[in-house]
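For the sequence shown, the numbering used here begins at 30 and goes up steadily by one.
Using N, Cα and C, we set each Cβ at its ideal position, and we do this for glycine too.
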Amino acid sequence: MKSCIFEGQVKHSRTTPVKHDFKYQLFMMFLDLAELKDVFDGRLFWSVGGLGIAQFRRKDHFGDPEQPLHESVRDLVEKNTGQRPKGPIRLLTQLSYFGYGFSPVCFYYCFDSSGTTVQTIIVEVNNTPWGEQHCYVLTDPSEVKKNSIKCFELSKEFHVSPFMEMGLVYKWTFSDPSKILFIHMENFKNENKLFEATLRLKRTEINGRSLCRLLIVYPLITVRLVVGIYWQALRLWLKKCPVYAHPAKSKNMTFK
């Protein structure tokens with residue numbers, strides 16, 4: 030089975046106009062979309078599209094909920110690049126807990142037909158409290174470093190935080206998923222770095238023991254994530270960080 034658990038730390042660091050840092054431990058599921066029917070088979074409290082404490086729900090992700098997610102991914106990549114992915118598609122995401130789901134960002138890794146090389150990455154971003162969703166399709170790296178580290182540069186198209194303006198440039202860095210998974214994102218304005226976020230995760234196999242431990246160590250993780258977002262927003266507001274209004278909604282947005 031290619032599906033697994035990735036566990037580790039996320040860190041955010043803002044340098045201007047106010048300094049603000051935080052970090053926390055988390056886990057994310059790394060799901061091969063071809064394995065969805067079997068990944069939690071026989072696992073108490075875990076399910077795909079059914080009952081359970083922890084659930085993978087098709088409706089939490091982009092595309093028509095009636096269409097298999099892997100087909101929505103292939104359609105989106107083909108629409109943006111003219112090439113339809115032929116290999117496995119693996120998703121790094123949060124799940125829903127007790128029927129409540131929110132994942133600030135998910136990552137779809139689209140592999141070649143051999144299943145060994147990542148050709149395209151989709152970044153699926155969700156915001157709160159607006160309930161909007163946007164996908165960035167990353168296919169042409171600006172740089173490929175040692176060990177297949179891929180770098181992408183693109184313009185910000187989606188409002189995520191009232192404390193971060195539009196008109197910025199994103200610089201993303203991705204490792205290929207293996208024993209370690211690394212993602213780094215930087216925000217720039219006029220070549221000045223305003224913000225960076227880093228995700229460092231270590232692979233763990235999916236088994237009864239590991240799934241039980243996750244429910245104990247990370248109870249209601251999606252609720253904790255949302256509470257954490259609003260807590261950090263309050264801290265930024267108290268530091269008098271400038272607030273930016275939500276821009277006009279664009280045709281590229283979807284609503285959940």
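By a C-beta neighbour count over all protein chains shown, 10 Å radius and 16 as the cutoff for buried, is residue i buried or exposed?
{"i": "Gly344", "result": "Any property of residue 344 remains undetermined from this structure, which presents the chain solely from 30 to 285."}
{"i": "Leu73", "result": "exposed"}
{"i": "Asn201", "result": "The amino acid at residue 201 is misidentified as Asn; the sequence shows Trp. With 16 or more other Cβ atoms within 10 Å, it is buried."}
{"i": "Asn216", "result": "buried"}
{"i": "Thr45", "result": "exposed"}
{"i": "Trp260", "result": "exposed"}
{"i": "Phe51", "result": "exposed"}
{"i": "Asp89", "result": "buried"}
{"i": "Tyr53", "result": "exposed"}
{"i": "Lys280", "result": "Its pLDDT being 46, under 50, Lys280 is placed unreliably in this model, and the coordinates cannot settle the point."}
{"i": "Met30", "result": "exposed"}
{"i": "Asn36", "result": "Per the sequence presented here, residue 36 reads as Glu, with Asn not at that position. By the neighbour-count rule (16 or more Cβ atoms within 10 Å), Glu36 is buried."}
{"i": "Ala274", "result": "exposed"}
{"i": "Gln123", "result": "buried"}
Would you identify the three-state DSSP class for residue i, choosing helix, strand or coil?
{"i": "Arg86", "result": "coil"}
{"i": "Val77", "result": "strand"}
{"i": "Ala274", "result": "coil"}
{"i": "Ser177", "result": "helix"}
{"i": "Gln112", "result": "coil"}
{"i": "Leu121", "result": "strand"}
{"i": "Lys31", "result": "coil"}
{"i": "Lys66", "result": "helix"}
{"i": "Lys40", "result": "strand"}
{"i": "Ser142", "result": "coil"}
{"i": "Glu100", "result": "helix"}
{"i": "Glu95", "result": "coil"}
{"i": "Ser171", "result": "coil"}
{"i": "Ser207", "result": "coil"}
Quick check: the Cα distance between residue i and residue j, rounded to an integer number of angstroms?
{"i": "Leu263", "j": "His163", "result": "25 Å"}
{"i": "Val252", "j": "Phe131", "result": "8 Å"}
{"i": "Arg86", "j": "Glu194", "result": "31 Å"}
{"i": "Arg242", "j": "Gly81", "result": "16 Å"}
{"i": "Glu64", "j": "Leu230", "result": "21 Å"}
{"i": "Tyr247", "j": "Phe59", "result": "16 Å"}
{"i": "Glu153", "j": "Tyr165", "result": "7 Å"}
{"i": "Glu95", "j": "Lys48", "result": "44 Å"}
{"i": "Gly144", "j": "Cys33", "result": "16 Å"}
{"i": "Gln148", "j": "Val255", "result": "32 Å"}
{"i": "Ser142", "j": "Lys66", "result": "21 Å"}
Nearest to residue i by alpha carbon, out of the options?
{"i": "Val68", "options": "Cys180, Ile258 and Leu240", "result": "Leu240"}
{"i": "Ser206", "options": "Leu183, Ser177, Pro97 and Leu244", "result": "A small fix is needed here, since residue 206 is Pro in this sequence, not Ser. The shortest C-alpha separation from Pro206 is found at Ser177."}
{"i": "Ile235", "options": "Gly71, Ala226 and Phe91", "result": "Gly71"}
{"i": "Lys108", "options": "Gln38, Ile151 and Cys135", "result": "Ile151"}
{"i": "Thr146", "options": "Cys135, Thr168 and Gly160", "result": "Thr168"}
{"i": "Glu220", "options": "Tyr138, Val198, Trp266 and Phe203", "result": "Val198"}
{"i": "Phe211", "options": "Gln112, Cys180 and Leu265", "result": "Cys180"}
{"i": "Arg113", "options": "Gly79, Met57, Phe140 and Pro170", "result": "Phe140"}
Assuming residue i is part of the beta strand (DSSP E), what are its boundary residues?
{"i": "Val198", "result": "Val198 to Phe203"}
{"i": "His49", "result": "His49 to Asp61"}
{"i": "Gln261", "result": "Looking at the DSSP string, Gln261 is not in any beta strand (DSSP E); the run it does join, the alpha helix (DSSP H), is Ile250 to Leu267."}
{"i": "Lys222", "result": "Asn221 to Thr233"}
{"i": "Val189", "result": "Unbroken run through Val189: none, as it is neither H nor E."}
Does the beta carbon of residue i come closer than 8 Å to any beta carbon on chain D?
{"i": "His41", "result": "The question asks about chain D, but that chain is absent: this structure has only one protein chain."}
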